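Visitor:
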Ligand code: CAA
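Numbering (our numbering), first residue to last: 18 to 274.
Listed below in structure tokens is the structure:
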């Protein structure tokens, strides 16, 4: 049996997924997309899941896009099905009930950038290169980029990137809000550890509720979204986590969630 293109490493509910096709700079082919969806479908049912980090194998590339060799001979119908698989896979990633973070360790192009956009936020190594170069190949972003990119960085910059196909470096990606932080590649690992400690020390139910309030509220009008926040705030007062968190503060000790 061939090796899985998705490496899964776990520590106490913190799951690291590594897209592993290093000879093709981790380009997303059908096998990767189907396997990633299978892994995510398992994770989404787990109550003990705390966060998911996603990265690419090696030191050169996060994901260099959808697999161009696989796409080259597709008919329009086959292309629609291929992209539909990616849309379904990325939707599962986006709607995981816990924080999801892209650790962008190099090329983050086309479908790779779209994968990072399906995560809650991204951090990048200083050698990372971003872009939506699909127009250079005679197509448009097909894995959600035309919709998630403008929602993250605004329509003007999204149209700039999607119509010129130009590549940008990590610092420009930081400036336009595509990534939250930039660091030397050697520090990505330490960032992942720091994140695990930070989120691991917080109340698991409240972390999930915070994501749900922001994520679901963004698709609603303000009044409905504020009602959602109100319901989730009240939800946090059931189940014991809030009692422990607030008692720990009053008793000047660390909470034990
Ligand atoms: N699909 C398939 N194979 C890819 C690939 C991709 N997206 N990107 C890189 N590879 C393969 C190369 O073909 C090459 O394979 P061989 O060794 O067998 O020739 C190997 O990975 C290494 O790549 P390069 O030799 O090109 O490495 P480089 O350092 O010279 O260049 C690069 C790196 C700038 C990322 C270059 O590989 C490149 O431009 N890749 C394509 C990027 C791209 O256009 N991505 C968008 C794809 S379309 C898309 O994603 C559509 C969508 O939204 C659905």
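Cβ atoms here follow ideal geometry from the backbone N, Cα and C, with glycine treated the same way.
Note that this is a predicted model, so its numbers are computed, not measured.
(1) Excluding the 5 residues preceding and the 5 following residue 110 in the sequence, name in chain order all residues of the same chain whose CB lies nearer than 7 Å to its CB.
(2) With three or more beta-carbon pairs closer than 8 Å as the criterion, would you say the segment 182–200 touches the segment 231–239?
(3) Can you have a look at residue 266 and say buried or exposed, based on whether 16 or more other CB atoms are within 10 angstroms of its CB?
(4) For residue 53, report the span of its alpha helix (DSSP H) as first-last.
(5) Could you have a look at residue 274 and say whether DSSP puts it in helix, strand or coil?
(6) Compute the beta-carbon to beta-carbon distance between residue 200 and residue 142, rounded to the nearest angstrom, for a pair I have assumed lies under 8 Å.
(7) Relative to the C-alpha of residue 17, which residue among 226, 68, 55, 122 is closest?
(8) Considering only the alpha carbon of each residue, which of 203, 102, 223 lies closest to residue 261?
(9) Given a cut-off of 9 Å on the beta-carbon distance, is the pair residue 160 and residue 53 in contact?
(10) Does DSSP classify residue 135 as helix, strand or coil?
(11) Within the same chain, show all residues whose beta-carbon is closer than 7 Å to that of residue 183, passing over the 5 residues directly before and after it, in chain order.
(12) So what does DSSP say about residue 210, is it helix, strand or coil?
(13) Nearest CA to the CA of residue 190: which residue from 74, 68, 166?
Guide: Reading from the atomic positions:
(1) Position 93 of the chain shown, counted from the first residue, corresponds to residue 110. These residues qualify, in order along the chain: 57, 117, 135, 136.
(2) no
(3) Position 249 of the chain shown holds residue 266. Counting Cβ neighbours within 10 Å, residue 266 comes out exposed, since fewer than 16 surround it.
(4) Walking along the chain shown from the start, residue 53 turns up at place 36. Element bounds for residue 53: 47–60.
(5) The count along the chain shown starts at 1 and reaches residue 274 at position 257. It is coil, neither helix nor strand.
(6) Your numbering for residue 200 matches position 183 in the chain shown. Your numbering for residue 142 matches position 125 in the chain shown. About 7 Å; that satisfies the 8 Å criterion.
(7) One cannot answer for residue 17 here, as it falls past the ends of the chain, which runs 18 to 274.
(8) The count along the chain shown starts at 1 and reaches residue 261 at position 244. Out of 203, 102, 223, 223 has the C-alpha closest to the C-alpha of residue 261.
(9) As a position in the chain shown, residue 160 is number 143, starting the count at 1. As a position in the chain shown, residue 53 is number 36, starting the count at 1. It is not a contact, given that the beta carbons lie outside the stated cut-off.
(10) Working through the chain shown from its first residue, we reach residue 135 at position 118. Here residue 135 sits in coil by DSSP.
(11) Numbered from its first residue, the chain shown carries residue 183 at position 166. Counting only Cβ-Cβ distances below 7 Å, and skipping sequence neighbours, we find 148.
(12) Numbered from its first residue, the chain shown carries residue 210 at position 193. Note: residue 210 maps to helix in three-state DSSP.
(13) Within the chain shown, numbered from 1, the residue matching residue 190 stands at position 173. When each option's Cα is compared against that of residue 190, the closest is 166.
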